[in-house]
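Engineer: Structure in structure tokens, see below.
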């Protein structure tokens with residue numbers, strides 16, 4: 001057992017699985033994550049995969065990676081990994097820069113033949129030397145050991161080789177003292193319809209585990225600390241699934257059936273997949289003929305009385321602009337999900353960015369205000385999808401939910417909320433006395449919120465006509481009157497602005513009394529918060545706050561910003577949120593930390609950026 | 001059938017109709033009010049959804065739920081509406097530009113999906129609201145403000161698109177044929193699935209007389225044929241002419257001439273699964289063969305919205321979840337105490 005081995009005790013470790021995009025790295029990464037979450041670790045994952053489904057085997061372009069951090073107080077998948085699994089030379093070349101000094105690299109040495117090295121463009125026959133690797137390298141003949149383990153299985157060679165990833169998983173489970181029973185359970189579910197494949201994988205995972213056990217003297221092994229989490233029932237969830245489930249919760253809490261009109265687009269398609277499965281909960285998810293039909297079918301469903309949603313990524317949001325404008329002028333509830341990716345145009349489809357903020361805020365013709373919210377983490381996608389739905393329905397407006405590839409694909413352990421944890425959502429139905437008196441007009445509003453009442457088609461006494469043409473403030477009939485138009489423009493604007501009365505204020509974390517405030521928005525929360533905490537631990541005084549409500553901004557935003565001498569906005573774009581805040585608060589001097597590489601921040605980048613700004617006179 | 005309780009007046013809104021005097025849309029609107037009264041679905045159970053263009057103003061003149069949306073998207077919006085609220089009867093109004101140019105993709109997919117909506121295509125072969133550009137149904141060589149030397153492209157024939165998209169209901173009428181319009185609109189509403197009704201309509205300002213070859217009173221009986229399911233395909237002032245088979249095709253003959261008798265004349269079968277003959281009938285343009293009006297194809301098939309509801313009911317019954325929490329707890333979870 002582990003006690004007599006060389007055990008490192010860490011509060012968290014980072015593991016990165018890498019191989020060809022056909023090697024099953026995402027699968028073993030997910031199983032390792034689930035097994036770790038199941039024994040009480042916090043988890044955070046970062047799938048890093050190529051846009052090509054199957055690039056040429058062994059090529060640098062075809063490398064697929066899955067990084068996971070497990071342990072206690074885990075907010076990010078980590079900058080660099082403690083253990084890298086590289087199934088071939090290309091994976092080693094692409095990923096060795098992600099390994100910590102003194103970390104461990106496990107390679108399948110059987111796939112490091114001369115021809116393999118050539119495919120990965122190595123020029124010498126010693127890839128480790130050529131890359132200048134100073135980590136411990138564990139050369140494991142994975143292919144040979146798998147073939148050996150499955151010699152009597154009767155499987156053909158191709159099927160045998162497909163089990164290589166599971167051998168690596170077995171080895172990693174040994175390395176981190178994970179229970180194999182739990183991994184076997186996941187494999188059994190995965191291969192429920194292929195018992196022969198399950199049997200083969202069960203043999204191979206044991207072979208991997210036993211191999212580790214037999215050679216353990218030669219490598220550091222780890223025991224990962226767990227920290228008591230809030231009691232409850234947990235599951236592992238990624239941001240896209242959390243988004244889908246948050247919408248379902250909002251449907252249950254509002255009594256309005258859930259409708260999704262969508263079109264496949266990376267990295268948002270998993271939301272469509274999940275909601276398509278949820279016919280078991282009455283969800284109607286339509287794959288439409290294009291992005292425009294996605295938003296338009298949702299607008300039709302909203303007019304018809306559903307909680308209507310469309311999901312997409314940046315290029316799709318561009319196509320939906322005119323439709324969103326229709327929902328603005330018709331004052332219909334609509335949730336638009338943009339899982340942001342690298343742009344412009346097709347850009348970096350599988351990589352993360354925060355570059356659609358301006359498009360979300362302003363990317364429509366005319367004065368066309370919408371609410372914008374942005375979840376902070378994979379699990380926060382649940383809360384903010386619920387919030388987007390609540391705001392859309394209660395304030396009769398389109399709401400854009402800006403997630404991103406990083407939190408959409410990343411996962412963490414999530415406590416399943418209790419029934420009463422989320423509030424009831426109250427649709428602003430036409431007051432019954434107005435229906436009875438026949439005195440209701442389609443643009444009658446609540447005085448306090450400026451919200452238009454919602455008449456559900458099929459209701460007797462509420463027939464009415466909506467449309468994209470400007471309407472009279474009082475009668476709701478078509479109007480081209482200049483003064484009326486201006487009044488309607490300001491009314492729609494005011495309606496969205498008053499949502500600020502209905503959202504939480506900003507919280508300041510870390511050293512609230514510092515002179516410097518670090519802030520961000522959306523999916524960078526984990527990295528920024530961890531960096532701020534680490535800075536404080538190192539004696540660098542910094543306060544931290546994070547925005548999840550973008551339009552309108554929380555009411556205390558100005559108060560918070562003005563409390564600090566230096567305000568630093570860190571974001572994965574060239575400064576869109578910084579510009580936005582600057583336009584709202586011209587008296588605050590905003591400084592910036594930006595990165596636009598299609599990759600999340602590294603904590604080290606943020607810390608260095610903050611230190612540099614603090615050092616400026 | 002439930003007894004009709006409503007009159008055409010119940011479907012009219014209080015808004016003044018703002019189409020040009022003499023526009024064919026007035027007659028079509030009247031036909032629609034009458035058809036709705038004949039169908040008897042209450043105004044509050046009826047939704048009328050349009051795109052952009054002259055004809056798309058129509059929802060404002062209906063005392064129903066109505067939505068005047070954006071250019072080309074009415075079919076997609078109507079699709080979402082019908083799936084979300086399947087108890088409503090949904091009408092979708094488009095013109096030839098709205099429905100077949102900017103909205104062409106939504107048009108063919110709504111037909112292919114067989115969503116249960118009634119799609120009215122008002123075809124005046126021109127863009128009226130933008131003041132006179134050629135449309136995707138304008139004939140080759142048509143001179144307009146955007147084709148001063150004549151167009152250099154062939155038009156769509158709406159029926160051909162409908163059949164290409166595997167449509168199961170296609171009917172046609174002309175603005176001035178009030179009775180036929182009312183008949184085909186009523187049939188469209190009774191058909192379950194996507195029903196396309198092409199209405200040839202005159203634009204009195206920018207394309208006046210475009211359908212005159214067909215609509216001219218003097219020749220209308222010779223140049224059109226009113227098809228009715230189960231009846232002989234006869235036309236002419238005294239119904240003296242008929243359509244007969246001619247190898248793979250049909251041809252027009254005079255009864256009693258060249259050895260043709262009434263027994264040779266084809267009987268219209270709108271419910272025939274094969275669309276082979278329907279397509280030939282729909283492609284007749286009034287020149288060699290009379291333009292067909294009436295219900296040309298009306299075949300029952302699974303509708304998209306019914307199938308969605310069926311799947312929802314089946315999967316719900318099979319899984320038996322009462323709420324999302326049940327669904328999540330049925331998956332992989334662990335407990336922290």
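Protein chains in written order, with the numbering used here: chain A, 1 to 617; chain B, 1 to 337. Cβ atoms here follow ideal geometry from the backbone N, Cα and C, with glycine treated the same way. Quantities reported herein were computed from a predicted structural model and do not represent experimental measurements.
Just curious, the beta strand (DSSP E) that residue 19 of chain B is in, first and last residue?
Structural biologist: If you look at residue 19 of chain B, you'll find it isn't in any beta strand (DSSP E); DSSP assigns it neither H nor E.
Engineer: Just to confirm my understanding: we take residue 165 of chain B, look at its own chain, exclude 5 residues before and 5 after, and list those with CB closer than 6 Å. What are they?
Structural biologist: 108, 111, 112
Engineer: Can the beta-carbon of residue 404 of chain A be found less than 8 Å from the beta-carbon of residue 212 of chain A?
Structural biologist: no
Engineer: If you run the structure through DSSP and keep just helix, strand and coil, what is residue 226 of chain B?
Structural biologist: Residue state, collapsed to three classes: strand.
Engineer: List the residues of chain A whose Cβ lies closer than 9 Å to the Cβ of residue 166 of chain B, in chain order.
Structural biologist: The premise fails here: residue 166 of chain B is roughly 14 Å from chain A at the closest Cβ pair, so nothing lies under 9 Å.
Engineer: Distance, Cα to Cα, residue 238 of chain A vs residue 29 of chain A?
Structural biologist: 13 Å
Engineer: With residue 624 of chain A as the anchor, note down where its alpha helix (DSSP H) starts and where it stops.
Structural biologist: The requested residue 624 of chain A is not part of the displayed model; chain A covers only 1 to 617.
Engineer: Unbroken beta strand (DSSP E) runs of length 3 or more, entirely within the region 230 to 290 of chain A: which are they?
Structural biologist: 232 to 238, 258 to 262, 284 to 287
Engineer: With 8 Å set as the bound, which would you pick, yes or no: does the beta-carbon of residue 325 of chain B sit closer than that to a beta-carbon of chain E?
Structural biologist: Protein chains in the displayed structure are A and B, and chain E is not among them.
Engineer: Please decide whether residue 25 of chain B counts as near chain A, where near means a Cβ-Cβ distance under 8 Å.
Structural biologist: no
Engineer: Check whether chain A comes within 8 Å of residue 334 of chain B, counting only Cβ atoms and requiring the distance to be less than that.
Structural biologist: By this cut-off, residue 334 of chain B is an interface position.
Engineer: Flag this pair as touching only if the region 95 to 104 of chain A and the region 29 to 44 of chain A have three or more C-beta atom pairs under 8 Å; answer yes or no.
Structural biologist: no
Engineer: Within 10 angstroms of its Cβ, does residue 559 of chain A collect 16 or more other Cβ (buried), or is it exposed?
Structural biologist: exposed
Engineer: Given this structure, state the Cα-to-Cα distance separating residue 236 of chain B from residue 135 of chain B, to the nearest angstrom.
Structural biologist: Each residue's CA atom was taken as its position, placing residue 236 of chain B and residue 135 of chain B some 31 Å apart.
Engineer: Mind checking which residues open and close the alpha helix (DSSP H) that includes residue 319 of chain A?
Structural biologist: For residue 319 of chain A, the enclosing alpha helix (DSSP H) has its first and last residue at 314 to 330.
Engineer: Please work out which residues of its chain come closer than 6 Å, Cβ to Cβ, to residue 343 of chain A, disregarding the five sequence neighbours upstream and downstream, and give them in chain order.
Structural biologist: 314, 355
Engineer: Going by DSSP in three states, residue 237 of chain B sits in which element: helix, strand or coil?
Structural biologist: coil
Engineer: Report all residues from its chain with a CB closer than 6 Å to the CB of residue 306 of chain B; omit the five preceding and five following residues, and keep chain order.
Structural biologist: none
Engineer: For residue 518 of chain A, tell me which candidate among A/503, A/502, A/536 has the shortest Cα-Cα distance.
Structural biologist: A/536
Engineer: Taking only beta-carbon positions, decide if residue 297 of chain A is within less than 8 Å of chain B.
Structural biologist: yes
Engineer: Can the beta-carbon of residue 91 of chain A be found less than 8 Å from the beta-carbon of residue 134 of chain A?
Structural biologist: no
Engineer: Quick one: what's residue 28 of chain B bridged to in DSSP?
Structural biologist: Partner(s): none; residue 28 of chain B has no beta bridge.
Engineer: Could you tell me which residues DSSP puts in a beta bridge with residue 66 of chain B?
Structural biologist: A/465, B/48
Engineer: Identify which residue in B/138, B/284, B/10 has its Cα closest to the Cα of residue 153 of chain B.
Structural biologist: Ranking the options by Cα distance to residue 153 of chain B, first place goes to B/138.
Engineer: Inspect the beta-carbon positions of residue 569 of chain A and residue 550 of chain A and report whether they are closer than 8 Å.
Structural biologist: no
Engineer: Where does residue 504 of chain A fall in DSSP's three states?
Structural biologist: coil
Engineer: Would you say residue 268 of chain B and residue 320 of chain B are within 8 Å of each other, going by their C-beta atoms?
Structural biologist: no
Engineer: Along chain B, which residues have their Cβ under 7 Å away from the Cβ of residue 303 of chain A?
Structural biologist: 67, 81
Engineer: Is DSSP giving residue 170 of chain B helix, strand or coil here?
Structural biologist: strand
Engineer: Could you tell me whether any Cβ in chain A is nearer than 8 Å to the Cβ of residue 179 of chain B?
Structural biologist: no
Engineer: Would you verify that the beta carbon of residue 73 of chain B is, or is not, closer than 8 Å to some beta carbon of chain A?
Structural biologist: yes
Engineer: Throw me the rounded Cβ distance for the residue 116 of chain A and residue 61 of chain A pair, which I believe falls under 8 Å.
Structural biologist: Wrong, their Cβ atoms sit about 15 Å apart, outside the cutoff.
Engineer: Where residue 128 of chain B and residue 144 of chain B are concerned, what is the direct C-alpha to C-alpha distance, given to the nearest angstrom?
Structural biologist: 11 Å
Engineer: Using the Cα positions of residue 562 of chain A and residue 515 of chain A, report the straight-line distance between them to the nearest angstrom.
Structural biologist: Between residue 562 of chain A and residue 515 of chain A, the C-alpha separation is close to 11 Å.
Engineer: Going by beta carbon distance, what residues of the same chain come within less than 6 Å of residue 3 of chain A, once the five residues before and after it are set aside?
Structural biologist: Since pLDDT at residue 3 of chain A reaches only 34, below the 50 mark, its modelled position is unreliable, and the value read off the structure follows with that caveat. Excluding positions up to five away in sequence, the list is empty.
Engineer: For a contact defined as C-beta to C-beta under 8 Å, what are the partners of residue 464 of chain A on chain B?
Structural biologist: Going along chain B in sequence order, the residues near residue 464 of chain A (Cβ under 8 Å) are 65, 66.
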